[in-house]
Structure formats: structure tokens, C-alpha cells
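Quick mapping for you: the protein sequence lines, in order, are chains A and B. For the first sequence, my numbering assigns the number 2 to the initial residue and increments by one for each residue that follows. For the second sequence, my numbering assigns the number 2 to the initial residue and increments by one for each residue that follows. Think of the CB as a built atom: it goes at the ideal place given N, C-alpha and C, for glycine as much as any other residue.
There are 2 protein chains.
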Amino acid sequence: MEKEEPRKELKVSAIENGTVIDHIPSQNVFQVIKILNLSNYMNQLLIGTNLDSNKMGKKGIIKVSNKFFKSKVINKIALVAPTATLIVIKNYNVVEKRKVEIPEEVYNIVKCFNPNCIANHENVETLFKVIAKDDLKLQCHFCEKITAKNNIVFL
Amino acid sequence: MEKEEPRKELKVSAIENGTVIDHIPSQNVFQVIKILNLSNYMNQLLIGTNLDSNKMGKKGIIKVSNKFFKSKVINKIALVAPTATLIVIKNYNVVEKRKVEIPEEVYNIVKCFNPNCIANHENVETLFKVIAKDDLKLQCHFCEKITAKNNIVFL
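In C-alpha cells, the structure reads:
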């Protein structure tokens, strides 16, 4: 069974059980924490930013003890951390590794690009349908206008 | 010269140079990050929450590589982390240890308790004079009313 690197090599220590979110663009680590509502998490979090990475130059990593995320929940981070790898740990062993996937819907994470949209005026949470994943296009549930990748503003 | 504990004992690895903010009430770690504006920090941060502590039961710790804080800046966290210890590290050695101190003024961290205060209506940053440190009392610069410890709401 694949093991995490020996503990002495890790800047951010191994966890016994839980989920490692690796290869986060370093400047987006705290946005991931916000999206996953981890700032009030009652178990151990271990976090590193601006760590060296062969793949990415610099990366962030979040290790969430005793937490196992449903895909529906963890894929919310795909917009801010499309490169993220999810590693499920049990008894210090890697039991699963997968990439995040851009979900079908994006709820309460992105602002609607259309200034006239009701979501920018009423107290409603934003909701988009993802109509293109590669060249990211989000269609607003309320006004139906497209918010494209370079217009994405996070709430 | 005092050294940090041997690396293999640390959940949050030793840093070569910088500042360790230890003994933070665990639930306030992200507030400390916000107050010190560390979410965009360009060097390495290593963070742990809900770590075991002899002194406090559970604690948070933030290690800020290559950063040395002036007292005026770091004492801003004293309201949310009065128990915090600051440890200055050079070449992996502890060169200084001190406690945070409640500052004389509190700027843009706390909300004024007086709902009629101009600071709650105009786009001004709040400012308080600390008139009592033990039984915390903050006097608003604008309306002169006292916001006491149990009325403190952080911005």
C-alpha cells in the first residue's frame, strides 16, 4: 500500500486519518478554507503555503484530520484549485487519490458578472450551471447570462 | 542557545528564520491571519490548529518564515490571542521569546458597541483607546463610549 513520504521529509506532518488537499495554488489556500468552511473546524488542521513543488513551483497544502469529504462538497474548490489532488489517509496510509473535478453547478461561490442580475441586488445566493469546463463558462440560474473564466469574481 | 524541540516531535515543522506565534486560542487562528494580513503572504506559512498543549488544552500555531514583526504590528493580535507567545527564530535557534501585549490603541479590528456611533454609519475605520487592560475597556475615538470585554465584536 502506498505510504506518504517518510515523516521527516514533510514540512507539514503526516496525519493518521483524514484528507489531504494537495497542489493548491498557494495564493488560494485561504479561499479553499473559506469554501470548505474549515475556519471553525473542531479537529486538527495542518496547513502549509508557498511550499516547493516539482509540479507547480510553489503550492499550498491542507491536511484535515478525521474528515472525509463527499465529492459534491470537495469539488466546490475546483474553481479556485483546479490542480488540487485529494488524498484519503487511513492509519497513515494512502487509501485513495483523486483529482478535483469541476462540478455541474456552482452555488454561492462566484459573483454574477451581470450587474443587473437579481443576484447582485436581492439577498439571494448565486447559482450557476457549468456549461463548459475546459474554457470555463458559468450560466447564471437567475439571469441566464454567461460569466466566463476571466470575469470570475469570488464571493 | 535554546533550540526548538527536535524536528521529529513537531507537528508543525521548525522554520529556519522568522516568527512563531504560539499558544493562540485554536478557534482564533484565522482571525490572527486576517489581522496580520497573512493570507497573501509571499513566503512560507506553516499553521496548525487544535494541537495539544500542556498550557491550554488545545492551541493554534502559526510559523511565518522570514518575517520579523514590530511590536506595534504584532500586538494587534492581543485582543484575539492574549495568551500568544512570540518566538523569533534565526538559523533554527530561538533568539527571543515574548508575550503579546495589549496595545494602547486598537485600530480597525473591533466594532463600536454604540449603534449610533458615526463609525457604524460612515465609511470610517474604527479606533479605540485602551483605557483598561485587565478588565478590558476600549474607548471609542469618535463617540467616546466604552466598549467592554463582553461586548467586543471583531470586524
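Counting only the same chain and skipping the five closest in sequence on each side, list residues whose C-beta sits under 7 angstroms from that of residue i.
| i | result |
| --- | --- |
| residue 9 of chain A | Model confidence at residue 9 of chain A stands at a pLDDT of 45, short of 50, so the residue's coordinates are unreliable; what they give is reported in the following sentence. So the list is empty, once near-sequence residues are dropped. |
| residue 97 of chain A | 89 |
| residue 6 of chain A | For residue 6 of chain A, the predicted structure reports a pLDDT of 46, less than 50, and the residue's modelled location is therefore unreliable. The matter cannot be settled from this model. |
| residue 109 of chain B | 126, 127 and 156 |
| residue 67 of chain A | 18, 19 and 44 |
| residue 142 of chain A | 128, 129 and 130 |
| residue 12 of chain B | 49 and 52 |
| residue 27 of chain B | 50, 51, 59, 60 and 61 |
| residue 31 of chain A | none |
| residue 84 of chain B | 24, 26 and 57 |
| residue 41 of chain B | none |
Suppose the cutoff is 6 angstroms on Cβ atoms and the five residues either side in sequence are ignored; what does the same chain contact list for residue i look like?
| i | result |
| --- | --- |
| residue 115 of chain A | 144 and 146 |
| residue 154 of chain B | 112 |
| residue 137 of chain B | 150 |
| residue 119 of chain A | 143 |
| residue 91 of chain B | 18 |
| residue 63 of chain B | 22 and 48 |
| residue 134 of chain B | 103 |
| residue 54 of chain B | 60 |
So, under 8 angstroms CB-CB, residue i and residue j are touching, yes? Tell me the CB distance rounded to an integer number of Å.
| i | j | result |
| --- | --- | --- |
| residue 25 of chain A | residue 79 of chain A | Between residue 79 of chain A and residue 25 of chain A the Cβ distance is about 11 angstroms, and since that is not below 8 angstroms, they are no contact. |
| residue 111 of chain A | residue 148 of chain A | 7 angstroms |
| residue 105 of chain A | residue 131 of chain A | 6 angstroms |
| residue 139 of chain A | residue 95 of chain A | At roughly 33 angstroms, the Cβ-Cβ gap does not stay under 8 angstroms, so residue 139 of chain A and residue 95 of chain A are not in contact. |
Determine the contact status of residue i and residue j, defining contact as a CB-CB distance below 8 angstroms.
| i | j | result |
| --- | --- | --- |
| residue 19 of chain A | residue 65 of chain A | yes |
| residue 50 of chain B | residue 61 of chain B | yes |
| residue 52 of chain B | residue 45 of chain A | yes |
| residue 16 of chain B | residue 33 of chain B | no |
Looking only at its chain, what residues have a beta carbon closer than 8 angstroms to the beta carbon of residue i, apart from the 5 residues adjacent to it on each side?
| i | result |
| --- | --- |
| residue 76 of chain A | 101, 102, 103 and 104 |
| residue 29 of chain B | 61, 81 and 82 |
| residue 36 of chain A | 77, 78, 81 and 110 |
| residue 70 of chain A | 20, 37 and 87 |
Can you pull the chain A neighbours of residue i, defined as C-beta to C-beta under 8 angstroms?
| i | result |
| --- | --- |
| residue 14 of chain B | 11, 12, 13 and 14 |
| residue 129 of chain B | The contacting residues do not exist; residue 129 of chain B stays about 25 angstroms from chain A at best. |
| residue 69 of chain B | Going along chain A, no residue has its Cβ under 8 angstroms from residue 69 of chain B, so there is no contact; the nearest lies around 17 angstroms. |
May I ask you to list the residues that DSSP assigns as paired with residue i?
| i | result |
| --- | --- |
| residue 48 of chain A | A/63 and B/48 |
| residue 74 of chain B | Bridge partners of residue 74 of chain B: none, in fact. |
| residue 42 of chain A | DSSP, once it has assigned bridges, lists no residue as partnering residue 42 of chain A. |
| residue 128 of chain A | A/108 |
| residue 100 of chain A | A/86 |
| residue 141 of chain A | A/129 |
| residue 149 of chain A | A/138 |
| residue 155 of chain B | B/111 |
| residue 22 of chain B | B/63 and B/87 |
| residue 13 of chain B | A/13 |
| residue 54 of chain B | B/58 |
Note down, in chain order, every chain B residue with its Cβ under 8 angstroms from the Cβ of residue i.
| i | result |
| --- | --- |
| residue 49 of chain A | 45, 46, 47 and 48 |
| residue 52 of chain A | 45 |
| residue 41 of chain A | 28 |
| residue 114 of chain A | Those within 8 angstroms of residue 114 of chain A in chain B number zero; the least Cβ separation is about 24 angstroms. |
Could you work out which residues of chain B lie near residue i, taking near to mean beta carbons separated by less than 9 angstroms?
| i | result |
| --- | --- |
| residue 94 of chain A | Near residue 94 of chain A there are no residues of chain B at all, since even the closest Cβ is about 19 angstroms away, more than 9 angstroms. |
Anything in chain A within Cβ reach of residue i, meaning under 9 angstroms, just list it in chain order.
| i | result |
| --- | --- |
| residue 155 of chain B | Under the 9 angstroms cutoff, chain A gives no residues; its nearest Cβ is about 13 angstroms from residue 155 of chain B. |
Kindly list, in the order they appear in chain A, the residues whose Cβ is closer than 7 angstroms to that of residue i.
| i | result |
| --- | --- |
| residue 143 of chain B | Ordered by position in chain A, no residue passes the 7 angstroms Cβ test against residue 143 of chain B, which lies about 29 angstroms from the chain. |
Between residue i and chain D, is there a C-beta pair that is closer than 8 angstroms?
| i | result |
| --- | --- |
| residue 126 of chain B | Absent here is chain D; the protein component of the structure consists of chains A and B. |
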